[in-house]
Amino acid sequence: MLVRVNSEKRKLGYSGDVKGLLKLLKVQKETVVVAKNGKIVPETETVGGNDEVELIKVIFGG
Numbered sequence: 936m937l938v939r940v941n942s943e944k945r946k947l948g949y950s951g952d953v954k955g956l957l958k959l960l961k962v963q964k965e966t967v968v969v970a971k972n973g974k975i976v977p978e979t980e981t982v983g984g985n986d987e988v989e990l991i992k993v994i995f996g997g
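Here you go:
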């Protein structure tokens, strides 16, 4: 699986749900939106294999 975090690409041998992936990467789920193969997915979505996963930072402000 290819994971892109902040424009940095990393290959991971992970297979499981998005929630577990975020935990593995030590990323708080409230700070990112996750896209799998170009589509936004929930934390219950399964990722792995040949998937391309992107973590998109959420910017808070007022």
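For the sequence shown, the residue numbers in this note's numbering are 936 to 997.
Heads up, the beta-carbon is just placed ideally off N, CA and C, and yes, glycines get one too.
Small disclaimer: the values here were computed from a predicted structure and weren't measured.
Cβ-Cβ distance between residue i and residue j below 7 Å
i          : j             : result
lysine 964 : glutamate 978 : yes
valine 967 : valine 953    : no
Chain-order list of residues whose beta-carbon lies under 8 Å from that of residue i (same chain, five-residue window excluded)
i              : result
methionine 936 : Lys946, Leu947, Gly948, Tyr949, Ser950, Val982, Gly983, Gly984, Asn985, Asp986, Glu987, Val988
leucine 960    : Val938, Val940, Leu990
lysine 944     : Leu937, Val938
Residues near residue i by beta carbon distance below 7 Å, same chain, minus five either side
i              : result
asparagine 972 : Asp986, Glu987
Contacts around residue i, its chain only, beta-carbon distance under 6 Å, and the 5 residues preceding and following it disregarded
i          : result
valine 962 : none
Per DSSP, the bridge partner or partners of residue i
i           : result
leucine 937 : Lys946, Glu987
Mind listing, in chain order, the continuous beta strand (DSSP E) runs of no fewer than 3 residues lying wholly within the stretch 952–992? 967–971, 974–976, 987–992
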